[in-house]
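In the order they appear, the protein sequences are chains A and B.
For what it's worth, this note's numbering labels the leading residue of the first sequence as 263, then goes sequentially.
For what it's worth, this note's numbering labels the leading residue of the second sequence as 263, then goes sequentially.
Number of protein chains: 2
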Amino acid sequence: MQLFNTHKELIYEAVEALSSRNFNSVYIEDIKDYSDEEKESGLKAFQLRFNTDFTDLSVKTDEWVGEEVSPFLQTGLGIRYPVIDEQTLINNAKKSSNSWKNIDIEERAGILTEVLERLKDRFFELANATMHTTGQGFTMAFQSSGPHSCDRALEAIAMGFHEIKRFPEQIKIDKTSGNFSYSLKKTWKPIPRGISLVIACSTFPVWNSIPAIFANLITGNPVIVKPHPKAVLPLAIVVSEIRQVLKESGLKTETVQLACDTSANPITTKLAENPEIKIVDYTGNTKFGNYIEQLDKITFTEKGAVNPVIIDSTKDIESLIQNLAFSLLLYSKQMCTSPQNIYIPADGIKIKDGNVSFDDFTDRLQIAVNSIYEKKWGPSVMGCIQNDKTLKSVKEISMSLGKKILDNGSFKMPEYDSARTQSLKILAVDSGKQEVFQREIFGPMVFIVKTENTDKSIELALRGVNQFGAITCLVFCTDFMKSKEIEEKFNNAFVPVSFNFSGQAFVNLHTAFSDLHVSGGNLSGNASIVDPGYITRRFIWIGNRFML
Amino acid sequence: MQLFNTHKELIYEAVEALSSRNFNSVYIEDIKDYSDEEKESGLKAFQLRFNTDFTDLSVKTDEWVGEEVSPFLQTGLGIRYPVIDEQTLINNAKKSSNSWKNIDIEERAGILTEVLERLKDRFFELANATMHTTGQGFTMAFQSSGPHSCDRALEAIAMGFHEIKRFPEQIKIDKTSGNFSYSLKKTWKPIPRGISLVIACSTFPVWNSIPAIFANLITGNPVIVKPHPKAVLPLAIVVSEIRQVLKESGLKTETVQLACDTSANPITTKLAENPEIKIVDYTGNTKFGNYIEQLDKITFTEKGAVNPVIIDSTKDIESLIQNLAFSLLLYSKQMCTSPQNIYIPADGIKIKDGNVSFDDFTDRLQIAVNSIYEKKWGPSVMGCIQNDKTLKSVKEISMSLGKKILDNGSFKMPEYDSARTQSLKILAVDSGKQEVFQREIFGPMVFIVKTENTDKSIELALRGVNQFGAITCLVFCTDFMKSKEIEEKFNNAFVPVSFNFSGQAFVNLHTAFSDLHVSGGNLSGNASIVDPGYITRRFIWIGNRFML
């Protein structure tokens, strides 16, 4: 209970923020607010791991594996992780489940918040680990695996705390009917579903997994974390930190385990299909996500998405272009929230004093994109391509399918001569060429679709949304009634819309406590981080009755 | 908004009761509190319906069907209901969806509560309609379709109101990062999933359906109610009342529709599989329930159950026997909450000064059951068997499979010479005969299983629970540690336990606002009336963002 007392103000404030939906960033996202010492010691901690075995998990095994390759260095990190076979993982989880389930929700919340407070001191170690496994630029790697991840985890703790506190633990009921009366004690217990599996992806290993890990833990379920074999380190740090706090609290470290495998010998489906696994969280490609969803379990998925941009009109075309260019470039379009298809009417974009023609727009967008590459901070915005498969699939797209706007191959990453980079390819196509743009391209490829008019843009974008799912939709429109119509149509397809973004507000970014990430209502996934269902489906309310 | 203002105190109190879990019966369940005039006019309203067409729904059709037969009279009621083809039902629902979705949650809550307040004046009409379609005795028919149903519906309204009020409709966020600052308006909208289908059963047509109907409506979804062709009238009354209030409120009556069919020409699967149907609620047999659950839709099911009773020890054997006898007899064991398998150790039940032997217990239970038949109010407790299939399946069970404790055929129902009745059959079997008792028998058949000891009782009961699901579990045990163990084991199988019930507290009865009905965690169904997930899965939270 001590840890709850230490952190209770933080927890209560987080619960409050859930319903206010206000900006509630507990963990500071601005790198400038951190000291040089912090940065340096984080880097050093990361570098010390090269060519060593990751022993912080304190597990016994004879088998160690590791195949991480830095997309910046294109050399292996040489870090090896302990392998535990599937049945041992399950047995360990089973053995740990009672002790974790039986402690108070306050104690669980205290322990989990303590983990976040400790991770805070390792943000720069996490940043380097993330950078050199995912290919994210340094700032994004810092924010996504550090403060933003901890905010999301805290949100999951808060939602769990709120939901489990919803019903009283027990009450006494006196009932009289006619001449009869009796008293009952009633109790309500949130019973955890059972062992959970969190399957992470290679691009956002921590950000996408940590809400699930913490949602499972706060509701009392043991967790097996299955990292992508190419992006283990960031999660290994998180899992070892949780285990450390569990150990210090006198609880079983096996409440959270890391399930390492190799690309050659994957264990994901074996684990997912194990009947003891009751909950599966998954982030990754649509095909595997569909397989996960059809398992007879509680599943939470985030799959592929084709996110549209509809441009009808704007008050400030330059601001639009700058904002859009940045959104397209962020992490080389390897974000699930990145826009892909930009729909623009053939007769251009309405502005205050006239029109920006289609060609004028593509010219200006191309210039804006190129100018970011030339900025000192530009390459870091794009970062590297996480893996060769993504690179290859983007390279393979023929620019003869439409009008080439941009296609420049790789770009120079300062300080990293061997970095796996690919500059953004932009292709303009006619709306008739649906086979070209109505598909998901993960990585730096964008289509600008020339449509008859905005109504047609809406129609085509909706068709993509219904076929592939979407996590975001960015709309530029100054007409009130048209905006209303777009909002309604996309909302009815369960896609949220961001209108007229400019400056430092980017459609790619979803803020913890305020924005829900993925609606859960379209093909991009059935999870919504962190809506109430993200928590409540992980346990069952049981009401016992005792005659007094 | 007028109706919300009229009922807002009721609604706010109901929301409060959700979290207190206290007894909150808004609609009076004691028949004695109603006047003779109310009873008589309800009976008259019902009788006036014989051999007429049910025109209160005000739908146009050329086809009218009806095949209801009173289990008390075993003659047809002669009431015909309008048939609307599947596509028209869907089209109507689609056309009505916008108007219903777009009104405020307050207005929806007001309208739905008004419906309940009006149904209050028709409780006795509903009681007779329910009695003569389901076979329930008068008191149960009154309570189940009247006050208890309205309490459950109010609970669904309150939970919906609470969940939809969880997030603000809009907020303004000002964010500064570095030298940049901007303002966003964020809105949160609960978008209804779409057209919903509620498939009712023949034994509790209103009680089991009305929470789903109201849960769908409060969250903005149009509803198609598919009654069982043998139990239409109670739901027809409810649906026509909703439509009437919708009409008076200037809204589309097609927001709620009744989908009548015949046993020869069922339309349930056609409707359930229609891609426009997004939510399906179902109460009925396990086989069809499993089919519903595997549809790629949001589904809520309540299926079969094998509810166990474990008797280890008691402070008051006579009270135990009286309480258990009543629970077994209620509506001739056609309740989803009725106990079926009674597990008793071979060396009897521990009491204060010794033991009640197994044979002594079966003797006394048989006497207690028989004495209820002989009471003036007895036959009404049992009521009739809803249909011939149930009757046949109970009759067919051979009593030579074990030791016959009771097998008396039909019994006399006062005033109804032709009533379809069957007295409770009780068979004592050894624990080895699992093929006899490890199955669901819907209707008046009970097994008393002689086990080695209470540990074996627990083991066998859990096996049944895991194989067939259970909604209730009744336990008699005076040993604190043993009780704890049983509680934990059954709770871990997601089954709630009722301990040492006596007097007027019956395991069969789940109280609105206090008890959750079905845990949603075992094979008896995935719905829990009314837990938060019963509401939140019916809509999707969408957050739009607007640059200011």
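Virtual Cβ for every residue (Gly too), placed ideally from N, Cα, C.
Please read these numbers as outputs of a predicted model, since none were measured by experiment.
Asked, Found
"Quick one: what does DSSP say Glu516(B) is sitting in, helix, strand or coil?", "helix"
"How far does the beta strand (DSSP E) with Leu305(B) in it extend, from its first residue to its last?", "Run containing Leu305(B): none in the beta strand (DSSP E); it sits in the alpha helix (DSSP H), 298-309."
"At what residues does the alpha helix (DSSP H) containing Val207(B) begin and finish?", "Look at the range of chain B in this structure, 263 to 810, and you will see that residue 207(B) is not part of it."
"Name the DSSP beta bridge partners of Ser211(A), please?", "No information on residue 211(A) is available, as it lies outside the stretch 263 to 810 that chain A covers here."
"Asp315(A): which of Leu305(A), Val345(A), Lys306(A) sits nearest, CA to CA?", "Val345(A)"
"Take Ile529(B) as the anchor and find which of Leu557(B), Gln556(B), His490(B) has the nearest alpha-carbon.", "His490(B)"
"Which residues bound the alpha helix (DSSP H) around Met561(B)?", "Correcting the residue identity first, residue 561(B) is Thr in this sequence and not Met. Run containing Thr561(B): none in the alpha helix (DSSP H); it sits in the beta strand (DSSP E), 560-564."
"Looking at C-alpha atoms only, which residue of Asp717(A), Arg380(A), Arg384(A) is the closest neighbour of Ser575(A)?", "Asp717(A)"
"Buried or exposed: which applies to Ile688(A), given that a residue is buried once 16 or more other Cβ atoms fall within 10 Å of its Cβ?", "buried"
"Can you list the residues of chain A that Arg428(B) reaches, using a CB-CB cut of under 8 Å?", "Ser281, Pro794"
"Less than 7 Å separating the beta-carbons of Gly783(A) and Ile367(B)?", "no"
"Against Lys451(B), what residues of chain A qualify as contacts under a CB-to-CB distance less than 7 Å, listed in chain order?", "Asn753"
"Within a Cβ cutoff of 7 Å, which residues of the same chain sit near Ile504(B), ignoring the five residues on either side of it in sequence?", "Val377, Val518"
"Measuring straight from C-alpha to C-alpha, what distance separates Thr740(B) and Ile579(B)?", "12 Å"
"How many Å lie between Val327(A) and Glu721(B) at the Cα?", "43 Å"
"Using a Cβ-Cβ cutoff of less than 8 Å, which residues in the same chain neighbour Leu497(A) once the five nearest sequence positions on both sides are dropped?", "Ala462, Pro467, Val468, Ser471, Val487, Pro489, Leu520"
"I need the DSSP call for Asn770(A), collapsed to helix, strand or coil.", "coil"
"When DSSP builds the beta bridges, which residues end up paired with Ser445(B)?", "Asp436(B)"
"Taking only three categories from DSSP, how would you classify Gly782(A)?", "coil"
"State the CB to CB distance for the pair Pro215(A) and Ser719(A), rounded to an integer number of angstroms; the pair is presumed to be in contact (CB under 8 Å).", "Because residue 215(A) is not part of the residues shown, which for chain A are 263 to 810, the question remains open."
"What span of residues does the alpha helix (DSSP H) with Leu533(A) cover, start to end?", "530-535"
"Could you tell me the distance, in whole angstroms, from the CA atom of Gly671(B) to the CA atom of Leu557(B)?", "41 Å"
"Kindly give me the distance between the Cβ atoms of Cys735(B) and Pro570(B), rounded to whole angstroms, as I take these residues to be in contact under 8 Å.", "5 Å"
"Measure the alpha-carbon distance for Ile499(A) versus Leu388(A) and round it to whole angstroms.", "7 Å"
"If you count every other CB in all the chains shown that lies within 10 Å of the CB of Gln264(A), and 16 or more means buried, which is it?", "exposed"
"How about Val711(A) and Val737(A): are their beta carbons less than 7 Å apart?", "no"
"Below 7 Å between beta carbons: does that hold for Leu381(B) and Ile419(B)?", "no"
"Return the residue from the list Lys577(B), Asp436(B), Ala415(B), Asn788(B) that minimises the CA-CA distance to Val618(B).", "Lys577(B)"
"Roughly how far, in whole angstroms, is the beta-carbon of Phe763(B) from the beta-carbon of Asn585(B), given that I think they are within contact range, below 8 Å?", "5 Å"
"What are the start and end residues of the alpha helix (DSSP H) that includes Pro570(A)?", "Segment 569-573 is the beta strand (DSSP E) holding Pro570(A); no alpha helix (DSSP H) there."
"Which term fits Gly805(B), buried or exposed, when burial requires 16 or more other beta carbons within 10 angstroms of its beta carbon?", "buried"
"Can you list, in chain order, the residues of its chain with a C-beta nearer than 6 Å to that of Ala690(A)? Leave out the 5 residues immediately preceding and following it.", "Thr624, Gly664, Lys665, Ile667, Ile710"
"Does chain B have any CB closer than 7 Å to the CB of Asn851(A)?", "Since the first residue of chain A shown is 263 and the last is 810, residue 851(A) is not available in this structure."
"Evaluate the contact criterion for the segment 395-403 of chain A versus the segment 536-551 of chain A: three or more CB pairs, one atom per stretch, below 8 Å.", "no"
"Helix, strand or coil, according to DSSP, for Lys665(B) in the structure here?", "strand"
"Out of curiosity, what's the CA-to-CA distance linking Lys695(A) and Thr465(A)?", "30 Å"
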